[in-house]
Amino acid sequence: MYRNQYDSEIVTFSPTGRIHQVEYAMEAVKQGGSGVALKSNKFAVVVSLKRSSSELGSYQKKLFVVDDHIGILISGLTADARVLCNYMRNESANYKYVYESDIRVERLVTKVADKSQVHTQRYGRRPYGVGLLVAGYDQLGAHIFQTCPSGNFYDYKAISIGSRSQSAKTYLEKNFEGFATCTLEQLILHGLRALRETIPNNDTGLNSKNVSIGVVGENYPFTLIEEEATLPYLNMLESDEPVEMQVN
Amino acid sequence: MYRNQYDSEIVTFSPTGRIHQVEYAMEAVKQGGSGVALKSNKFAVVVSLKRSSSELGSYQKKLFVVDDHIGILISGLTADARVLCNYMRNESANYKYVYESDIRVERLVTKVADKSQVHTQRYGRRPYGVGLLVAGYDQLGAHIFQTCPSGNFYDYKAISIGSRSQSAKTYLEKNFEGFATCTLEQLILHGLRALRETIPNNDTGLNSKNVSIGVVGENYPFTLIEEEATLPYLNMLESDEPVEMQVN
Amino acid sequence: MYRNQYDSEIVTFSPTGRIHQVEYAMEAVKQGGSGVALKSNKFAVVVSLKRSSSELGSYQKKLFVVDDHIGILISGLTADARVLCNYMRNESANYKYVYESDIRVERLVTKVADKSQVHTQRYGRRPYGVGLLVAGYDQLGAHIFQTCPSGNFYDYKAISIGSRSQSAKTYLEKNFEGFATCTLEQLILHGLRALRETIPNNDTGLNSKNVSIGVVGENYPFTLIEEEATLPYLNMLESDEPVEMQVN
Amino acid sequence: MYRNQYDSEIVTFSPTGRIHQVEYAMEAVKQGGSGVALKSNKFAVVVSLKRSSSELGSYQKKLFVVDDHIGILISGLTADARVLCNYMRNESANYKYVYESDIRVERLVTKVADKSQVHTQRYGRRPYGVGLLVAGYDQLGAHIFQTCPSGNFYDYKAISIGSRSQSAKTYLEKNFEGFATCTLEQLILHGLRALRETIPNNDTGLNSKNVSIGVVGENYPFTLIEEEATLPYLNMLESDEPVEMQVN
Amino acid sequence: MYRNQYDSEIVTFSPTGRIHQVEYAMEAVKQGGSGVALKSNKFAVVVSLKRSSSELGSYQKKLFVVDDHIGILISGLTADARVLCNYMRNESANYKYVYESDIRVERLVTKVADKSQVHTQRYGRRPYGVGLLVAGYDQLGAHIFQTCPSGNFYDYKAISIGSRSQSAKTYLEKNFEGFATCTLEQLILHGLRALRETIPNNDTGLNSKNVSIGVVGENYPFTLIEEEATLPYLNMLESDEPVEMQVN
Amino acid sequence: MYRNQYDSEIVTFSPTGRIHQVEYAMEAVKQGGSGVALKSNKFAVVVSLKRSSSELGSYQKKLFVVDDHIGILISGLTADARVLCNYMRNESANYKYVYESDIRVERLVTKVADKSQVHTQRYGRRPYGVGLLVAGYDQLGAHIFQTCPSGNFYDYKAISIGSRSQSAKTYLEKNFEGFATCTLEQLILHGLRALRETIPNNDTGLNSKNVSIGVVGENYPFTLIEEEATLPYLNMLESDEPVEMQVN
Amino acid sequence: MYRNQYDSEIVTFSPTGRIHQVEYAMEAVKQGGSGVALKSNKFAVVVSLKRSSSELGSYQKKLFVVDDHIGILISGLTADARVLCNYMRNESANYKYVYESDIRVERLVTKVADKSQVHTQRYGRRPYGVGLLVAGYDQLGAHIFQTCPSGNFYDYKAISIGSRSQSAKTYLEKNFEGFATCTLEQLILHGLRALRETIPNNDTGLNSKNVSIGVVGENYPFTLIEEEATLPYLNMLESDEPVEMQVN
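Protein chains in written order, with the UniProt record's numbering: chain A, 1 to 248; chain B, 1 to 248; chain C, 1 to 248; chain D, 1 to 248; chain E, 1 to 248; chain F, 1 to 248; chain G, 1 to 248.
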């Protein structure tokens, strides 16, 4: 990476109109743990690959419940993500208290993005070093959003985030056209297959320790499927090589 | 790009009286998505070319409704644009509440420009990295304004913004003299033709996915024409090669 | 321009007692659009040469009404000028409200200058990058003042500002002795002749699009003469080559 | 260590998305005194190796009681640790006052982590240069958490911290599978054996002066075992060479 | 002027105990317009040489009335001087309002000096770039004070300030012993003669346009003598070559 | 000392996790005047070697009474020490007022340390450049504490501070085992002997001018022994060469 | 003077524990005008050598009355001294108002020193560039104190300050033993003799213009002896060459 006089302050534009500190914060997201989010007409699913620093410690959680109808998957600086997650929980609870209904997913995502934007324009702070995949369900249906340190957010049918996410994205691009009408089970399996693509060959692969699944949908509050509860899906995954072949 | 000791602080003039950080922020506008705005006596139209990072995601919205009589097209940093759009919506609503009438378009544009100017004069902030094309209609008729990171704004009959906007501008300069008396349909078609000029040759061109049209006019609240609703205009566009030839 | 360690902070004196950032801000004024102001015993007149970025846009206004008895011509950063113009309007209106009479021109100019001075003495701001020619009429007669980014202001019989203003100044110096007793028409023509000197030879010259005239005087509220209304004066100007010769 | 232009400000991301100042603060933790924490189903135990600057002074305390059900072991800057310890005591007491029950261990750890995160995102402060091993017992059982200057925290079955902690970690990794069902005595002995691994060969080893033990568990408020009280365990340790052999 | 690492911040002492930024501000005073102040037992007189940027503009005022018993002559940055002059007027008026008597001259000068001192000790401001000659009369008699950017002030029998002031000072030093018992007319003439010494040989000399005289004394409120009113003194000056000779 | 890019800001960690500015502040302590503190079961004693800049001035006090049961010896920047001493006096008095009992020595020392820690973590301040030896007596017995600029504090049986303190420390290490049961007189003599070790050979040695002794103990409020009152101890010291020999 | 990276910020310690900016401020004191202070059992005397920039101006005052029982002599930046003098006057008056007795001299000196210390520890200010000799009399007798930019203060029997003060100090060291029982006249003469030592050989020596004497003592409010009133002492001084010889 070349030497650059415009890349150490968040309030400085480069001569080509870029804000390098925001871009560097996005690098922190790219090197976070990998995760996949996808949706059908009725469900939004997030699956994450958890990491552990050693076998002595538990795996680091990457999925968090925000409210009954919203959950998030984080990639990047965990401590920053916690700040944003707390913010989302508060905003969602406040909205429910004031309006006696659930906050719409995009509205909550916009609030997170606005909060992030502030950190890109004032001296003396740094951008949040975290990206979120937000899965939610509201009167407009199932949603998958990605938020960025820049204050941007994107609406996706399916997306992956974190290290080696390109491989998962390739899987998703090949298969996403069928997601809309998938059953929940099929949707979860697609998510796991995409996630599996992000694992280097010499790794042990997906297992009940390192996989977490989050599901939200119509009359289906955001639910975490973890540990043994993931085994039925992982077992189906093991036997599906032919299925994936068929897809390819 | 040459080394410059006056270009990293918004509060610093260069020896030739320039504020480089403002100019760099304008670069962010130039590299945003392309858009075109034009007006007749009765209508103001904005057309934008939306981008998508991949086929998994939806196209990024570039047109936003501010109020019944005003809409904007953005180019540059989306998160910054969101801040300004929210500001415009609040100011417009407040005005309506206090004066029981619609805010005049130029007055609202001036407020945005004043807000932008503040970011060019105090240490510790950066200019907004976004330009807006504002289309509106008020008792003075149809309006097209462009706002800049510098706090300047310009009144146009027709204008384009963003990457490759020079090509669209050339089209507009050849044709703008007839815009005043155009029908709405003709005006939209002129806008789409100008926008088409901003597309590199090897691209797929305009289609119902990547084109958004915003219209506002006399007794015609600001309306977004998107997706399938754009097809009638796109179809007319396809059959109009001869027309454009005639123009040239 | 030589390398200088004292020229990047507004709070730093050079070893020779200069504040370079103030001087650089004055450069922004010199490169603004050109304008001319002059006065007789009864009238003060400002004439400006407007610029347009392209034929698609309207010409940028350079004359602004502050109050019935005061108007300004700006040169430099337009957004900064807007801030100062708003300030003058507020101060003038407040004065009228409190004292039930018009604010004296010099008093208002002093307020602008004091506001500008603050920006030359505290860290974290930059000077205003704009100069104003203020034309006004009060119980002391007609006035022309120039304000500067430094917080200085000057009282003139006639003056020009902006790019190529030296040529206009030369015309004014040759002719100013007769201004005091001119008719309004003659005064305007002198202003236009001086303004014409600032136009490079290969330009189209003055026309009803690029010229604005502001007049204020005894029982004559500040009035803008623009577009077609300028034609009588421009026509007289075309036929006055001999007059100018006679003057030279 | 190489020269780096991104490592002197807490608000600066490096081009690879790292915040070097946070990483440097973690170095302060690595060079602190060594400690070990481990848990069974019913107990959490922390053991620390105290240092003394000379025989004239008492050994520096590294274990602190936070509340009846929580204690901490510190590694890094002692003065920073005191700030965090006071904060934990206050939060725990406030919680008890408001809710009339003990704060859950993870909740308190999260508060410390959130407080630490703030110091990684705003200009003008530095991260806390201390890591904590938190041992606690609540309705969810025994807990061992580690907090970091980054605002991250980790849930462990067993862990070591500070200088030469890798040797202790190796011992823990070989033996941790049996910890869950250990008696308290066995658990303490495992902790001491792991701690012994962090002592350079030419040192005097563990003794009642330099060892502190903290225990918390079901119906067992956090208790410090120090000075003579440690002798029974140290004596058992001396005679256990074969045991450790057996383990290896 | 040599390169210096201690001269860009007002809060930095050089290794020899100097504050260079204060000294540089004093340079701004030295390069201001020249002025002379002197006093007899009953009168204090200030005379100034006004400058004009061109014949189109009026001469810049350098003498200002502060109150009936005090006036000032400024040298240096005019906008800074205006700030201090306003401050003096306010303080003098407030004193009169509270104590129902005139403020003593030295007391007011001390206030100005204290205000200036603040600007030499806190980061983020710059010293005032102006020196004042204060002429006043109170129950202690006639006074001439000079204030400096450093916050120092000096009590003089006679003094000159601004560019080429050394020549005037030489005249004053030769003649000051007779000032105490001068008539007012003689005192003014001494002032004009001293001022004349500051004019380069090829200049036009003193005239009613470029000279201003301020007088204050016993039962003689501070009065400006300008324009035609200066002619009697200037005429006497023209005929006094022999007198000056005699003095030398 | 090598050139270092991490050592000029208190908020900057070095890549090895050190805060150099804190370490530099500790240098100021090392170069302060030397002092010794030691305790028996019933008494805590501090002895200091006072310095005088010349025979014209009195010796600088280094011992200060904080409260009846606490006194301090300072080494380093005297002005900083005064700030901390005032703080201790206030805290001790407040405690007595609120709780109607004496503050425990360690509690007061912790308050000083916490105050010092704040100065190591926020931009724009510097650490206190002073170390304190605190001698006190409370219900837990006699205490000697040392506080540091880092916010650390240490509990000692005996300790020395300031320049050449290593020699005194060597004496203390050889003899401290007998201190616990010393009489007060013996304890003072041990302190003086240790202090004598810090004096260069060519100096005049201890005398009633340069020695101060502070004593606190059971039913013995903190008392300063100065000037002539020190003579009995100094006389005993002169005759004790054999005693010291015996010890060695 | 060597190049130093630690000497431009008041909040920065050098690697050897020094705060260079404080030391540089002390240089300003050394280069101030010279003064001498000395005391007997009943009186404290300060004598100062005043400077004048030219014969046109009065001599700069260096002695100031603080209260009936306290006066000061300043050396260094006069404007800074004025700030401290005002502070002392206010504190002394407030004390008298609250306690209905005179503030003790050392207490007031401590307040000045504490105020000075603040300027050595916070970013964005500079130390006071002035040293004070404080002469006072209270129930403890006569006092001479010196305050420094560092926030230190010293108690002296006799001392000199400012340029060439070493020569005066040499005189004082030779003679101070007899001061305690001097008559006031003798004490003043000793002060003048010491002051005379600070004058370069080619100067005119002490005279009634450049000498000021301040006296305070038992039933003797602080009194300034200036101008003609100094002549009796100066006359005695002229005839005392033998006396000084006798002393040597």
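Note that the Cβ used here is the ideal one computed from N, Cα and C, for glycine as well.
These figures come from a predicted structure and were not determined experimentally.
- Listed along chain B, the residues sitting closer than 7 Å to C:T78 by beta-carbon distance are N152.
- E:R125 is a Cβ neighbour of C:R122, given a cutoff of 8 Å.
- Scanning D:N235, D:I225, D:I213 for the CA closest to the CA of D:A37 turns up D:I213.
- Going by beta carbons, F:L140 and F:L73 fall outside the 8 Å limit.
- Cβ neighbours of A:A44 within its own chain (closer than 8 Å, five residues either side excluded): A37, L38, A135, G136, Y137, A142, H143, I144, V215, V216, G217.
- For C:L56, the neighbours in chain B by C-beta distance under 8 Å run, in chain order, Y156, K157, A158, I159, K169, L172, E173, F176.
- At least one beta carbon of chain A lies nearer than 8 Å to the beta carbon of D:V11.
- If you draw a straight line from the Cα of C:I70 to the Cα of C:T110, it comes to about 14 Å.
- Closest in alpha carbon position to E:K50, among E:K61, E:S40, E:K42, E:G57, is E:K61.
- Put simply, the CB of B:S48 is far from chain A, with every gap to its CB atoms at 8 Å or more.
- Here the alpha carbon of B:S8 sits roughly 10 Å from the alpha carbon of A:D7.
- Residue contact check for D:P15 against chain A: a CB pair falls below 8 Å.
- Per DSSP, F:G191 is not a residue of any beta strand (DSSP E); the alpha helix (DSSP H) it occupies stretches across 184-196.
- When DSSP states are grouped into helix, strand and coil, B:T78 belongs to the helix group.
- Considering only beta carbons, the part of the segment 113-127 of chain C lying closer than 8 Å to chain E consists of A113, D114, S116, Q117, T120, Q121, R122, Y123, G124, in chain order.
- Of all residues in the segment 72-106 of chain B, only G76, L77, T78, A79, D80, R82, V83, N86 place a beta-carbon less than 9 Å from a beta-carbon of chain A.
- Think of a sphere of 8 Å around the beta carbon of A:Q21: no beta carbon from chain B falls inside it, the nearest being about 10 Å out.
- Below the 7 Å Cβ cutoff, chain G contributes no neighbours of F:Q146, its closest Cβ being approximately 17 Å away.
- The Cβ-Cβ distance between C:L234 and C:L206 falls below 8 Å.
- Look at the segment 204-245 of chain G and you find these whole runs of alpha helix (DSSP H), each 4 residues long or longer: 231-238.
- Put simply, the backbone Cα of C:E173 is about 10 Å away from that of C:K157.
- Under the Cβ criterion of 8 Å, G:Q31 is counted among the residues facing chain E.
- Every unbroken stretch of the alpha helix (DSSP H) spanning 4 or more residues and falling wholly within the segment 74-141 of chain D is given here in chain order: 78-99, 105-118.
- Using a Cβ-Cβ cut-off of 9 Å, C:Y24 is close to Y6, T12, F13, S14, P15, T16, G17, R18 of chain B, given in chain order.
- Counting only Cβ-Cβ distances below 8 Å, A:G129 has contacts in chain D at F13, G17, I19, in chain order.
- Excluding sequence positions up to five before and after C:T181, its CB lies within less than 7 Å of the CB of S40, N41, all in the same chain and listed in chain order.
- For F:Y171, the uninterrupted alpha helix (DSSP H) run begins and ends at 165-175, by DSSP.
- Under the three-state reduction of DSSP, B:F64 is assigned to strand.
- One thing to note: D:Q117 has its Cβ no nearer than 8 Å to the Cβ of A:A113.
- Between G:L192 and G:V47, the gap from beta carbon to beta carbon is short of 8 Å.
- Per DSSP, G:K42 lies in no beta strand (DSSP E) and is assigned neither H nor E.
- DSSP places G:Y24 in the uninterrupted alpha helix (DSSP H) bounded by 20-30.
- Under the three-state reduction of DSSP output, C:G57 falls in the strand class.
- For D:E27, the nearest CB of chain F lies under 8 Å from its own CB, placing it at the interface with that chain.
- CA-to-CA, the gap between E:Y87 and B:V11 works out to about 28 Å.
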